[in-house]
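The structure appears right after this line, and notes come after that.
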Amino acid sequence: MSMYRIVRYRGGSFETVEIPVVGEQSLTIFVNGHELATLLCTPVKLDYLVLGFLSFEGIIQALDEVQSLEVFPEEAVADVRLATAFTPPRRRILTSGCTGGITFGMPMEGFKAFPEEAVLCPEQPFDLMKQLYAEAYLYRQSRGIHAAALSDGKSLLLVAEDVGRHNALDKIHGEALLQGIPTAGNILLSTGRISSEMLRKGAHMRTPFVISRTSPTSLAIAAAKRFGITVIGYCRSEGFNVYSHPERVLSQRVTAGSLSHIQQLTANS
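So in the working numbering, spot 189 of the sequence shown is number 276, and the numbers just go up one at a time.
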């Protein structure tokens, strides 16, 4: 975070003020000497970013496959050494990330949908989003950044911030791997739009709930229905929208008849 002197126009007049501006830099990842990808990111928690990216892209399956990981911020380089040989993937997909992200196609073969037993009370999304905003220091200071979190439904286990919403999830996943924090069965929160790639990251982490303050895309909703993930969007003080598997968001006032009706509506949508 750096301070910049700007000219602000408000109330019909100009004034010179200093405001915080979030940092952004490129980070080129090398794996066993091969250039893999260059990410545009916020220069914090870069080791978590690299680990999360490698895991999501299927480059590593477990943390013990990484022999060493060194990040050199001044050179904007991350050097990763794996225990096995590595051949860079040829197929690249440009993502919808605001920093122009790249993915090699997340491996989802053999993925099993989540069981229906996972449920959430309507009050929980509001409370968890409030906690996220309270913890997102860079977001509060500059508003020019995305925040993400992993929650057990009561409190936030991990929080990450980045100019790229995809990067923020990579940092969450990477820190969970490095700290040995299980992600399966927990809740994923984001301040950014839920694209199909974001949804797949949630599926990879085995999180049955993905909550955002904005909306999902059509492909994300389709993937959520396929993977059995409940997507909650526009989670704000006045309410929220449930785009998939709404039967999981229950209140004590929900009856068996109304629940059956909700499930029927979902099946027909």
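Note that CB positions come from ideal geometry on N, CA and C, so glycine has one too.
Enclosing beta strand (DSSP E) for residue i [first to last residue]
{"i": "residue 97", "result": "89 to 97"}
{"i": "residue 321", "result": "317 to 323"}
{"i": "residue 276", "result": "274 to 277"}
6 Å CB neighbourhood of residue i in its chain, flanking five on each side removed
{"i": "residue 105", "result": "90 and 92"}
{"i": "residue 166", "result": "117 and 157"}
{"i": "residue 164", "result": "115"}
{"i": "residue 311", "result": "286, 318 and 331"}
{"i": "residue 389", "result": "With the chain running from 88 to 356 in the structure shown, residue 389 is simply not present."}
{"i": "residue 306", "result": "283"}
{"i": "residue 236", "result": "219, 243, 246 and 276"}
Coil, strand or helix - residue i by DSSP
{"i": "residue 342", "result": "Residue placement at residue 342 is poorly supported in this model, since its pLDDT is 41, which falls under 50; the coordinates are not used for a value here."}
{"i": "residue 223", "result": "coil"}
{"i": "residue 385", "result": "Missing from the structure shown is residue 385; the chain here goes from 88 to 356 and no further."}
{"i": "residue 230", "result": "coil"}
{"i": "residue 308", "result": "helix"}
{"i": "residue 166", "result": "strand"}
{"i": "residue 303", "result": "strand"}
{"i": "residue 102", "result": "strand"}
{"i": "residue 336", "result": "strand"}
{"i": "residue 173", "result": "coil"}
Residue i classed as buried or exposed, judged by whether at least 16 other C-beta atoms fall within 10 angstroms
{"i": "residue 300", "result": "buried"}
{"i": "residue 269", "result": "exposed"}
{"i": "residue 121", "result": "exposed"}
{"i": "residue 103", "result": "exposed"}
{"i": "residue 328", "result": "exposed"}
{"i": "residue 248", "result": "buried"}
{"i": "residue 137", "result": "buried"}
{"i": "residue 277", "result": "buried"}
{"i": "residue 140", "result": "buried"}
{"i": "residue 252", "result": "buried"}
{"i": "residue 94", "result": "exposed"}
{"i": "residue 132", "result": "buried"}
Opening and closing residue of the alpha helix (DSSP H) in which residue i lies
{"i": "residue 133", "result": "133 to 143"}
{"i": "residue 299", "result": "No alpha helix (DSSP H) contains residue 299, which is instead part of the beta strand (DSSP E) from 296 to 299."}
{"i": "residue 253", "result": "252 to 266"}
{"i": "residue 121", "result": "Taken as a continuous stretch (DSSP letters only), residue 121 belongs to no alpha helix (DSSP H), being part of the beta strand (DSSP E) at 121 to 128."}
{"i": "residue 204", "result": "From DSSP, residue 204 is part of no alpha helix (DSSP H); its letter is neither H nor E."}
{"i": "residue 110", "result": "Here residue 110 belongs to no alpha helix (DSSP H), and DSSP marks it neither H nor E."}
{"i": "residue 157", "result": "Premise fails: residue 157 lies in the beta strand (DSSP E), 153 to 159, not in any alpha helix (DSSP H)."}
Other residues of its chain near residue i: CB distance less than 7 Å, five sequence neighbours each side excluded
{"i": "residue 74", "result": "The structure shown has nothing for residue 74, since the chain only spans 88 to 356."}
Min CB distance residue i to chain C below 8 Å
{"i": "residue 92", "result": "In the structure shown, chain C cannot be found, because there is only a single protein chain."}
Cutoff 8 Å; reference residue i; Cβ partners in own chain excluding five residues on either side
{"i": "residue 66", "result": "Lying before the first or after the last residue shown, residue 66 is absent from the chain, which here runs from 88 to 356."}
{"i": "residue 150", "result": "138, 264 and 265"}
{"i": "residue 304", "result": "183, 280, 281, 282 and 283"}
{"i": "residue 153", "result": "138, 141, 147, 167, 168, 169 and 170"}
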